[in-house]
Amino acid sequence: MASLFRSAGIVALSTLCSRILGLVRDVLMAAYFGAARTADVFFIAFMIPNLFRRLVAEGALTISFIPVYTETRVNSGDSEADRLAVKVMTVQSIVIFIIVAAGIFFSPQLMYFFFGRGDSPHIFTLSVNLTRLMFPYLFFVGFVAFAMGYLNSHDRFFAPSFAPVLLNVGIITGIIFLAGFFEEPVYGVAAGVLLGGALQLFLQIPYMLKEGFRFGISVDFNHPGIRKIFRMLGPALFGIAVYQINTLVSNMLASMISEGSVSYIYYTNRLTELVLGIFIVSIGNVILPEMSKLTAVDDKVRFRKLFADSVSSALFLAVPATAGLITAGIPIISVIFMHGKFGYSDVLMTYNSLVCASAGIVFISALRIATPAFYSMKDTKTPVISATVALSLNLVLGYILMQTPLKHAGLTLANSISAVVQMLILLVMLEKKTGGIALGKILQSMLKFIIASLAMSAVVVWLSFFADWENSGFTFRVVWLSVIIGAGGGVYFLACYFMKADEVLFFVNRIKRRLT
5 MASLFRSAGI VALSTLCSRI LGLVRDVLMA AYFGAARTAD VFFIAFMIPN
55 LFRRLVAEGA LTISFIPVYT ETRVNSGDSE ADRLAVKVMT VQSIVIFIIV
105 AAGIFFSPQL MYFFFGRGDS PHIFTLSVNL TRLMFPYLFF VGFVAFAMGY
155 LNSHDRFFAP SFAPVLLNVG IITGIIFLAG FFEEPVYGVA AGVLLGGALQ
205 LFLQIPYMLK EGFRFGISVD FNHPGIRKIF RMLGPALFGI AVYQINTLVS
255 NMLASMISEG SVSYIYYTNR LTELVLGIFI VSIGNVILPE MSKLTAVDDK
305 VRFRKLFADS VSSALFLAVP ATAGLITAGI PIISVIFMHG KFGYSDVLMT
355 YNSLVCASAG IVFISALRIA TPAFYSMKDT KTPVISATVA LSLNLVLGYI
405 LMQTPLKHAG LTLANSISAV VQMLILLVML EKKTGGIALG KILQSMLKFI
455 IASLAMSAVV VWLSFFADWE NSGFTFRVVW LSVIIGAGGG VYFLACYFMK
505 ADEVLFFVNR IKRRLT
């Protein structure tokens, strides 16, 4: 467990840096562009190549590559595994080049199908141009995703996890420095996306060389490892990325409601992803190589323990995060986003969707652990079934709820409900597949986290009443929000300690050993 925390800690610190810069990026976007249609168009245009990136590269390739590559290393040795890696990189490059070329050529059709109906010719042309400009970003991050699979399989996590920091550096550069060179400033932001992608790619190369990777070209679609990866790749495209597909569906529907709805959901997703990304996704990234190793040697006992410990660790942060975003949502949004053209009415609209989205954080956290467990066992069927049910439910509920007074918040609520259903399906199937996943231990830990979060929430709500989050000065709001977060976090930690939560006792004991 110590090695898991150490590896997850490396990923978490890198992700924390990325999320902080991501917030800076979003603050600048909100200040420069507000929730106007121009901002909506950029987010939509970036979402399409970004969705392809998560589906084809970062999501499906990584979870398909790691189990097969790890199995090859265990059974056939490093030399054969490295030959497989070169073949995978070559095939991936060919496929992504074709996708990028097709994406650029069919950008007008893509934008019209997803979002362009009803927009003015100027806005539609802008959306098409932005999509074409940013589609090559997929090529850069496709290589980064391959590097992630390779380096993570060698227990090296820094370079892949730090890569998103450089993407944010590129986008911030685009907002501040490049936007002024264009008549339509948002083109500068799109150029920053490409800059960030290039920086991400160049970071990976020295670390791969250090691990012994030798770059080359080897086209071999008939290699057994390639065929195995491709058999997993198709279902993985859909199974692992249902959360991103649900987000895309929400934005498609949000674009039909009213101006600003897409932006409100985007900023909501940024806050929930901040919570999920700092540690929970970090655990998911770390455990896939570990689970793949345990599967390769058929160690079911350690596999079950690793899963239970990972879920409990994820819930240790997910439960208070849910409570914190709901009780302190308005203070958080007002401090982070209420600048320039982003007013208090936008804060309230964003908070409405944040409350509904926060309800799904706990279940999405469990999904981020359960889904890699299935792929480590090379089971692609179960995630596809659960994802199909979740996506269908999200589409139906989203369309229904967006027509209620919830409006755009109904779309994030639909996402949360679909995550609950998907999580329940996966946990039931995993229980049957592994012969037991210590659900009792997980639920016992979760109960402790809920009790501690209730105590934390009471303190947060009480302290929040001492500030005027609409009219108080920015400095005061920042300071008081820091007080709220510090007090709430302290109460949660102490409550978990008194209830002897394993996660807190682990950290306390580590600190005691360091001091003695």
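Numbering-wise, the sequence shown is residues 5 to 520 according to the numbering used here.
Cβ coordinates follow ideal geometry from the N, Cα and C atoms, glycine included.
Have a look at the options and flag the residue whose alpha-carbon is nearest the alpha-carbon of residue i.
{"i": "Ile-523", "options": "Asn-133, Ala-258, Val-92 and Thr-129", "result": "For residue 523 there is no data in the structure shown, the boundaries of the chain being 5 and 520."}
{"i": "Ile-441", "options": "Ala-505, Val-305, Tyr-379 and Ala-363", "result": "Val-305"}
{"i": "Thr-375", "options": "Leu-352, Asp-224, Ala-413 and Ser-68", "result": "Ser-68"}
{"i": "Tyr-211", "options": "Leu-467, Pro-189, Phe-186 and Asp-159", "result": "Asp-159"}
{"i": "Val-464", "options": "Pro-335, Leu-399, Arg-136 and Asp-472", "result": "Pro-335"}
{"i": "Gly-153", "options": "Phe-185, Glu-215, Val-190 and Ile-70", "result": "Ile-70"}
{"i": "Phe-234", "options": "Gly-184, Leu-352, Met-93 and Leu-20", "result": "Met-93"}
{"i": "Phe-47", "options": "Ile-102, Val-190 and Thr-19", "result": "Val-190"}
{"i": "Thr-438", "options": "Phe-307, Trp-466 and Gln-448", "result": "Phe-307"}
{"i": "Ser-259", "options": "Tyr-116, Phe-469 and Ala-505", "result": "Tyr-116"}
{"i": "Leu-399", "options": "Leu-417, Trp-466 and Arg-231", "result": "Leu-417"}
{"i": "Met-138", "options": "Leu-155, Ala-491, Ala-105 and Ser-362", "result": "Ala-105"}
{"i": "Ser-362", "options": "Ile-269, Met-406, Gln-407 and Leu-451", "result": "Ile-269"}
{"i": "Glu-187", "options": "Ser-111, Ile-446, Leu-130 and Arg-218", "result": "Leu-130"}
{"i": "Met-236", "options": "Leu-20, Leu-451, Thr-386 and Ala-491", "result": "Thr-386"}
{"i": "Pro-140", "options": "Ser-124, Asn-54 and His-126", "result": "Asn-54"}
{"i": "Leu-88", "options": "Met-381, Arg-218, Phe-469 and Trp-466", "result": "Arg-218"}
{"i": "Met-353", "options": "Lys-411, Lys-309, Leu-405 and Gly-402", "result": "Lys-411"}
{"i": "Met-51", "options": "Ile-455, Ser-476, Gly-477 and Asn-255", "result": "Asn-255"}
{"i": "Ile-368", "options": "Ala-325, Phe-478, Asp-506 and Gly-493", "result": "Ala-325"}
{"i": "Met-433", "options": "Ile-404, Met-381 and Phe-478", "result": "Met-381"}
{"i": "Val-351", "options": "Gly-264, Leu-405, Met-406 and Ile-404", "result": "Gly-264"}
Report all residues from its chain with a CB closer than 7 Å to the CB of residue i; omit the five preceding and five following residues, and keep chain order.
{"i": "Thr-74", "result": "Ser-157, Pro-293, Ser-296, Lys-297 and Ala-300"}
{"i": "Ala-327", "result": "Ser-457, Met-460 and Ser-461"}
{"i": "Val-508", "result": "Phe-497, Cys-500 and Tyr-501"}
{"i": "Ile-175", "result": "Arg-29, Val-193, Gly-196, Val-197 and Gly-200"}
{"i": "Met-33", "result": "Ala-43 and Ile-179"}
{"i": "Ala-85", "result": "Tyr-73, Thr-76 and Arg-77"}
{"i": "Gly-333", "result": "Tyr-355, Leu-358 and Val-359"}
{"i": "Thr-66", "result": "Ala-149, Met-152 and Gly-153"}
{"i": "Val-4", "result": "Nothing can be reported for residue 4: it is not among the residues displayed for the chain, which extend from 5 to 520."}
In chain order, what residues of the same chain have a beta carbon less than 8 Å from the beta carbon of residue i, not counting five sequence neighbours either side?
{"i": "Ser-181", "result": "The residue you asked about is not Ser; residue 181 is Phe in the sequence shown. Correct list, in chain order: Gly-192."}
{"i": "Asn-172", "result": "Ser-22, Leu-25, Gly-26, Val-28, Arg-29 and Gly-200"}
{"i": "Leu-431", "result": "Ala-370, Ala-374, Ile-441 and Leu-443"}
{"i": "Leu-155", "result": "Phe-161, Ala-163, Pro-164, Gln-208, Tyr-211, Met-212 and Glu-215"}
What does a CB cutoff of less than 6 Å around residue i pick up in its chain, not counting 5 residues either side in sequence?
{"i": "Val-359", "result": "Ile-330"}
{"i": "Arg-274", "result": "Asp-30"}
{"i": "Ala-35", "result": "His-343 and Gly-344"}
{"i": "Val-90", "result": "Gly-220 and Ser-222"}
{"i": "Gly-178", "result": "Gly-192, Val-193, Ala-195 and Gly-196"}
{"i": "Tyr-79", "result": "The sequence shown places Asn at residue 79, rather than the Tyr named in the question. None."}
{"i": "Ile-429", "result": "Ser-390"}
{"i": "Leu-278", "result": "Arg-23"}
{"i": "Trp-484", "result": "Ala-471"}
{"i": "Ser-111", "result": "Val-132, Thr-135 and Arg-136"}
How about residue i and residue j: are their beta carbons less than 7 Å apart?
{"i": "Val-323", "j": "Phe-453", "result": "yes"}
{"i": "Leu-280", "j": "Leu-415", "result": "no"}
{"i": "Gln-204", "j": "Val-266", "result": "no"}
{"i": "Phe-311", "j": "Ala-377", "result": "yes"}
{"i": "Val-388", "j": "Arg-481", "result": "no"}
{"i": "Gly-356", "j": "Ala-413", "result": "With the sequence shown as reference, residue 356 is identified as Asn, and Gly is not the correct amino acid for it. In this structure, Ala-413 lies closer than 7 Å to Asn-356 by Cβ."}
{"i": "Thr-76", "j": "Gly-229", "result": "yes"}
{"i": "Thr-135", "j": "Ala-49", "result": "yes"}
{"i": "Gln-96", "j": "Phe-150", "result": "yes"}
{"i": "Ser-316", "j": "Ile-446", "result": "yes"}
{"i": "Phe-161", "j": "Ile-14", "result": "yes"}
{"i": "Tyr-348", "j": "Glu-474", "result": "yes"}
{"i": "Leu-467", "j": "Ile-489", "result": "no"}
{"i": "Ile-100", "j": "Phe-128", "result": "no"}
{"i": "Phe-524", "j": "Tyr-271", "result": "Look at the range of the chain in this structure, 5 to 520, and you will see that residue 524 is not part of it."}
{"i": "Ser-449", "j": "Gly-364", "result": "no"}
| task | Tell me, please, whether the region 414 to 431 touches the region 394 to 401 by the rule of three or more beta-carbon pairs shorter than 8 Å. | result | yes
| said: For the region 164 to 171 against the region 218 to 230, do three or more pairs of beta-carbon atoms, one drawn from each stretch, fall closer than 8 Å, so that the two count as touching? | reply: no
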